[in-house]
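S.K.: Got a structure for you, written out below as structure tokens; questions coming shortly.
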């Protein structure tokens with residue numbers, strides 16, 4: 009689903025080089041790294057916001073350069089949830105989640121009956137129905153984070169990128185997040201990449217880990233917390 | 006709801022026309038009065054009200070700031086400065102009607118671009134508004150310098166223009182203003198989806214498939230076209246562009262820009278028309294420039310919004 013081929017990534021200067029890596033569909037990858045290791049840069053590159061410096065990056069067989077150019081194609085391939093949504097005055101939760109349908113909407117952005125049902129069902133699946141008519145400014149940071157996830161689900165893309173989706177969540181919602189994401193990715197063939205600092209949670213759910221250290225990206229799975237920490241701080 | 010809006014608007018048009026009626030001797034005079042006076046004034050009120058409100062809505066969307074508007078962000082100041090240069094700076098080579106509109110447009114466009122650059126560097130609302138204020142006072146002083154050089158009749162012409170008036174539009178200019186306005190409205194209706202996405206910020210809008218650069222340019226261009234042409238024909242009119250979009254969001258409780266655009270068009274037109282009706286009613290006793298009326302109503306409303314927010 010996501011394929012790196014001799015890819016160099018960074019803002020103007022190379023920050024990270026990935027020789028050959030393939031992220032498969034049906035899985036939820038956890039991107040781990042120390043502060044400043046380049047997690048956000050990598051996510052933004054995957055989201056087609058930053059161009060790759062050299063080499064190839066294919067997302068669902070589309071070159072990332074093409075996705076950067078073709079606005080509608082990009083929005084139908086990649087959904088991106090940034091680490092913080094601060095809410096917008098007068099914007100209701102249901103309308104906010106409905107914005108996920110913009111890539112498919114007609115000229116005035118009106119939702120069809122099916123799409124409104126999809127918004128409703130998605131909120132229900134995440135246990136957020138009670139928020140539907142609330143304004144996005146009135147709800148808590150954690151609720152906004154969950155609602156942003158709902159919006160990304162509604163966007164219905166093969167690739168889903170989440171920048172620290174659990175940073176404001178309590179332990180119940182963190183569980184809920186992964187219990188929703190993992191089966192969703194598996195049963196509907198999505199590729200999810202989420203960045204996180206919650207090592208315990210990632211290991212507990214046995215997620216494949218993308219470790220970002222020493223300007224390299226390695227995939228590991230099934231290691232102990234201690235081993236992972238060792239890998240993250242190890243000097244080259 | 007929009008049927009109701011239309012009815013109210015048509016009704017106020019009729020009231021306006023009734024008030025501008027003058028007893029005349031014959032059909033020919035009545036005809037002249039209609040084309041030279043009553044019709045252009047009605048068009049001015051409708052287009053200026055709707056146009057300024059729409060440009061305010063677009064500015065607030067682009068800057069993600071409910072306190073943005075063509076007046077406070079110095080778009081009017083840019084248009085005003087360009088007009089001052091034209092009227093008093095001796096640039097007579099373009100002193101035709103088209104020159105007046107053209108220079109006001111250019112001034113508005115430059116000011117809009119300048120403020121966009123500033124807004125990239127300064128995220129804070131208050132700082133941005135302060136820059137707008139400084140810009141307005143800077144252009145104001147250049148205008149003063151120009152006034153001290155200019156001939157008395159040029160100064161008078163500029164002074165009258167600067168008061169803001171719905172009576173300066175001529176019958177020949179009216180179709181131009183309507184045409185410019187029509188283009189701007191259609192253009193902004195094409196942007197509805199992008200405007201809805203812009204509410205979440207430009208990064209999220211990008212991920213939702215919006216062509217950021219195109220839309221940003223379109224918003225600036227539409228705003229400059231609307232604020233620039235209205236300012237050129239009617240002078241700077243304060244607070245309409247700031248107040249009406251805020252009222253729309255508050256009343257409709259939505260960020261759906263299709264509804265907000267329609268609200269701004271209808272209610273903006275109605276608001277300025279109502280202000281003009283009011284000034285027509287007061288005319289037998291004393292005459293109020295339109296700018297005074299819009300500020301009298303608009304300024305307290307904005308102050309209320311700011312107080313409620315903090």
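Protein chains in written order, with the numbering used here: chain A, 9 to 244; chain B, 6 to 315. Heads up, the beta-carbon is just placed ideally off N, CA and C, and yes, glycines get one too.
Return the bridge partner residues of residue 16 of chain A from the DSSP annotation.
M.R.: A:25 and A:62.
S.K.: Please state whether DSSP places residue 198 of chain A in a helix, a strand or coil.
M.R.: Three-state DSSP puts residue 198 of chain A in coil, outside helix and strand.
S.K.: Among B:48, B:254 and B:40, which one has its Cα closest to the Cα of residue 183 of chain B?
M.R.: The option with the nearest alpha carbon to residue 183 of chain B is B:48.
S.K.: Under 9 Å between beta-carbons, which chain B residues line up against residue 98 of chain A? List them in chain order, please.
M.R.: Under the 9 Å cutoff, chain B gives 254, 255, 257, 258, 259 and 260.
S.K.: Determine the DSSP secondary structure at residue 71 of chain A, reduced to helix, strand or coil.
M.R.: It is a strand residue.
S.K.: Which residues in chain A have a C-beta closer than 9 Å to the C-beta of residue 202 of chain B? List them in chain order.
M.R.: Those within 9 Å of residue 202 of chain B in chain A are 107, 110 and 117.
S.K.: Considering only residues of the same chain and omitting the five flanking positions on each side of residue 314 of chain B, which have a CB-CB separation below 7 Å?
M.R.: Cβ neighbours of residue 314 of chain B beyond the five flanking positions: none.
S.K.: For residue 218 of chain A, list the residues DSSP reports as bridge partners.
M.R.: Per DSSP, A:39 and A:227.
S.K.: Is any beta-carbon of chain A found at less than 9 Å from that of residue 190 of chain B?
M.R.: Judged by the 9 Å Cβ criterion, residue 190 of chain B is not in contact with chain A.
S.K.: At what residues does the alpha helix (DSSP H) containing residue 163 of chain B begin and finish?
M.R.: Residue 163 of chain B -> alpha helix (DSSP H) spans 157-167.
S.K.: Among all the DSSP beta bridges, which residues are the ones paired with residue 245 of chain A?
M.R.: Chain A is shown only over 9 to 244; residue 245 of chain A falls outside these bounds and no answer can be derived.
S.K.: Mind the definition here: the segment 145-156 of chain B touches the segment 264-278 of chain B only if three or more C-beta pairs lie below 8 Å; say whether that holds.
M.R.: No, they do not touch.
S.K.: So residue 90 of chain A contacts chain B; which residues on that side make the cut at Cβ distance below 8 Å?
M.R.: Result: 208 and 209.
S.K.: For residue 301 of chain B, count neighbouring C-beta atoms within 10 Å of its own C-beta (all shown protein chains included) and say buried if the count is 16 or more, exposed if not.
M.R.: Residue 301 of chain B should be labelled exposed.
S.K.: Can you tell me where the beta strand (DSSP E) holding residue 168 of chain A begins and where it ends?
M.R.: Residue 168 of chain A -> beta strand (DSSP E) spans 167-170.
S.K.: For residue 14 of chain A, count neighbouring Cβ atoms within 10 angstroms of its own Cβ and tell me buried if that reaches 16, exposed if not.
M.R.: Exposed, by the Cβ-count rule.
S.K.: Rounded to the nearest angstrom, what separates residue 54 of chain A and residue 12 of chain A at their Cα positions?
M.R.: In a straight line, the C-alpha of residue 54 of chain A is about 10 Å away from that of residue 12 of chain A.
S.K.: Would you say residue 27 of chain B reaches chain E, if we count a Cβ-Cβ gap shorter than 9 Å as a contact?
M.R.: This model lacks chain E altogether, as its protein chains are A and B.
S.K.: For the alpha helix (DSSP H) containing residue 295 of chain B, name the first residue and the last one.
M.R.: Counting along the chain, the alpha helix (DSSP H) containing residue 295 of chain B begins and ends at 295-314.
S.K.: Residue 211 of chain B: buried (16+ other C-beta within 10 angstroms of its C-beta) or exposed?
M.R.: Buried.
S.K.: Do we get a CB-CB distance below 9 Å when we pair residue 103 of chain A with the residues of chain B?
M.R.: Yes, residue 103 of chain A lies at the interface with chain B (some Cβ there is under 9 Å from its Cβ).
S.K.: In the segment 210-238 of chain B, which residues sit with their C-beta less than 7 Å from some C-beta in chain A, listed in chain order?
M.R.: Per Cβ criterion, the list reads 211, 212, 213, 214, 215 and 216.
S.K.: Which chain B residues are close to residue 82 of chain A, counting only those with a beta carbon under 7 Å from its beta carbon?
M.R.: Per Cβ cutoff of 7 Å: 214.
S.K.: Any residues in the segment 12-28 of chain A with a beta carbon nearer than 8 Å to a beta carbon of chain B? Which ones, in chain order?
M.R.: Those would be none; no residue qualifies.
S.K.: Going by the beta-carbon positions, is the gap between residue 243 of chain B and residue 303 of chain B smaller than 9 Å?
M.R.: Yes, these two residues count as a Cβ contact at 9 Å.
S.K.: Less than 6 Å between C-beta atoms, sequence neighbours within five positions excluded: which residues of the same chain meet that for residue 93 of chain A?
M.R.: Same-chain partners within the cutoff: 152 and 156.
S.K.: Counting only the same chain and skipping the five closest in sequence on each side, list residues whose C-beta sits under 8 Å from that of residue 80 of chain A.
M.R.: Excluding sequence neighbours, residue 80 of chain A sits near 111.
S.K.: How long is the line joining the alpha carbons of residue 86 of chain B and residue 185 of chain A, rounded to whole angstroms?
M.R.: Each residue's alpha carbon lies about 56 Å from the other.
S.K.: Mind pulling the alpha helix (DSSP H) runs of 4 or more residues that sit fully within the segment 218-280 of chain B?
M.R.: Those alpha helix (DSSP H) runs which fall completely within the segment 218-280 of chain B and span 4+ residues are 245-257.
S.K.: Taking 9 Å as the CB-CB limit, is residue 198 of chain B close to chain A?
M.R.: At least one chain A Cβ lies under 9 Å of residue 198 of chain B.
S.K.: Using a Cβ-Cβ cutoff of less than 7 Å, which residues in the same chain neighbour residue 253 of chain B once the five nearest sequence positions on both sides are dropped?
M.R.: Closer than 7 Å at the Cβ level, and outside the excluded window around residue 253 of chain B, lie 265, 268, 269 and 272.
S.K.: Report yes or no: is there a C-beta of chain A within less than 9 Å of the C-beta of residue 194 of chain B?
M.R.: Chain A, which has a Cβ nearer than 9 Å to the Cβ of residue 194 of chain B, makes this yes.
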